[in-house]
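Asker: First the structure, then my questions, so here it is.
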Ligand code: ATR
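In this note's numbering, the protein residues as written are 320 to 594.
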């Protein structure tokens, strides 16, 4: 029987992970089965324990359970330590190991697929929820010139920045929280949207002169052009959605489970073709 994997979430029916991992398995000749697993909101832990009791090998964890997964695993590795959120679980020697591959996914997409250097750049990260939490430390590790976190509820951005304060020195110009109303006069080479505003067709309130010449606007959402990317395009920025990040974080999970990193470019291309 194939080794069993799944993505667990609520909702989970929209997840592209089964498609992506099936493509990776074909490409690398690995014999795996990868399903969607809907967990009731009040029984994430029971769902996970049952999956592994019944012979499962590994899980991806998606909204809204990444924090609960961090609480549940026996041990955290790599990116999960700083993120305090887990998107990948591996069963090893009877223990559940927790990883977070979201940050590596974003950084790989920016640097390898899009050819953007993060080092030395002024970076704006919008949003202070789980999505920002997962990528903040990996972004700092690439040593940007500075990293500003902006959020609609300023207190959440301030709390996030306080939480990651011990890594602030990785950015020469520092790590700071600012309300959107305080961005006027600042320019950024990389603007990342980690808010869920796009789901409602909305975008954070951004001033006109935000994008430095040659700037990249990156939206972690994928599948449609968000109001943020439309705004960025109209203001002369290059644009990218989060499909590459999705495939890169999946490739890193696959590597953790199977010890082999699949090629991502053909899978990104395949998904763009399917859309
Ligand atoms: P996730 O795990 O996807 O980050 P979340 O924790 O609910 O989800 O966070 C959603 C983020 O999108 C938050 O930063 C939220 O801002 P608030 O902290 O002020 O709620 C942000 N967000 C959602 N809708 C928004 C909108 N219309 N404009 C600006 N920011 C928005």
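Just so you know, even glycine gets a beta-carbon here, dropped at the ideal spot from N, CA and C.
Quick caveat: nothing in here was measured; it's all calculated off a predicted structure.
(1) For the structure I just gave you, are there three or more beta carbon pairs, one from the stretch 511-526 and one from the stretch 482-489, closer than 8 angstroms?
(2) Are the stretch 415-429 and the stretch 551-566 touching by the rule of at least three beta carbon pairs closer than 8 angstroms?
(3) By the three-class DSSP mapping on this structure, what secondary structure does residue 483 have?
(4) Exposed or buried, which one is residue 571 when buried takes at least 16 other CB atoms within 10 Å?
(5) So if DSSP puts residue 512 in a beta bridge, which residue, or which two residues, is it bridged to?
(6) What are the partner residues of residue 323, as DSSP defines its beta bridges?
(7) Say the cut is 7 angstroms; is the CB of residue 446 nearer than that to a heavy atom of the ligand ATR?
(8) Return yes when at least one heavy atom of the ligand ATR lies under 7 angstroms from the C-beta of residue 449, else no.
(9) May I ask you to list the residues that DSSP assigns as paired with residue 415?
(10) What is the rounded straight-line gap between the Cα of residue 409 and the Cα of residue 376?
(11) Return the first residue and the last residue of the alpha helix (DSSP H) that residue 552 is part of.
(12) Comparing the CB of residue 519 with every heavy atom of the ligand ATR, is any distance shorter than 7 angstroms?
(13) With respect to 7 angstroms, is the separation between the Cβ of residue 420 and the closest non-hydrogen atom of the ligand ATR below this value?
(14) Let's see if you can read the secondary structure: which residues bound the beta strand (DSSP E) around residue 426?
(15) Once DSSP output is grouped into helix, strand and coil, what is the label at residue 336?
(16) Measuring alpha carbon to alpha carbon, tell me which of 495, 431, 333 and 521 ends up nearest residue 544.
(17) Grab me the residues of residue 476's own chain with a C-beta within less than 8 angstroms of its C-beta, minus the 5 sequence neighbours each way, in chain order.
Answerer: Taking the coordinates as given:
(1) By the Cβ rule, the stretch 511-526 does not count as touching the stretch 482-489, because fewer than three pairs are nearer than 8 angstroms.
(2) Contact between the stretch 415-429 and the stretch 551-566 is present, because at least three Cβ pairs lie under 8 angstroms.
(3) Residue 483: coil per DSSP, three-state reduction.
(4) Around the beta carbon of residue 571, a 10 Å sphere encloses 16 or more other beta carbons of the protein chains shown; the residue is thus reported as buried.
(5) Paired residue(s): 445 and 538.
(6) When DSSP reads this structure, residue 323 sits in a beta bridge with 352 and 375.
(7) A distance criterion of 7 angstroms places the beta-carbon of residue 446 in contact range of the ligand ATR, judged by its closest non-hydrogen atom.
(8) Correct: residue 449 has its Cβ closer than 7 angstroms to the ligand ATR.
(9) Per the DSSP secondary-structure output, residue 415 pairs in a beta bridge with 410.
(10) Inter-residue distance for residue 409 and residue 376 is about 6 angstroms (C-alpha atoms, whole angstroms).
(11) Unbroken alpha helix (DSSP H) run through residue 552: 546-553.
(12) Under cutoff, so the answer is yes.
(13) No, the ligand ATR has no heavy atom inside 7 angstroms of this Cβ.
(14) For residue 426, there is no enclosing beta strand (DSSP E); the enclosing alpha helix (DSSP H) covers residues 421-427.
(15) DSSP places residue 336 in helix when its eight states are reduced to three.
(16) Ranking 495, 431, 333 and 521 by Cα distance to residue 544 puts 521 first.
(17) Within its own chain, the residues whose Cβ lies closer than 8 angstroms to the Cβ of residue 476, once the five positions on either side in sequence are excluded, are 447, 468, 469, 470, 496, 497 and 498, listed in chain order.
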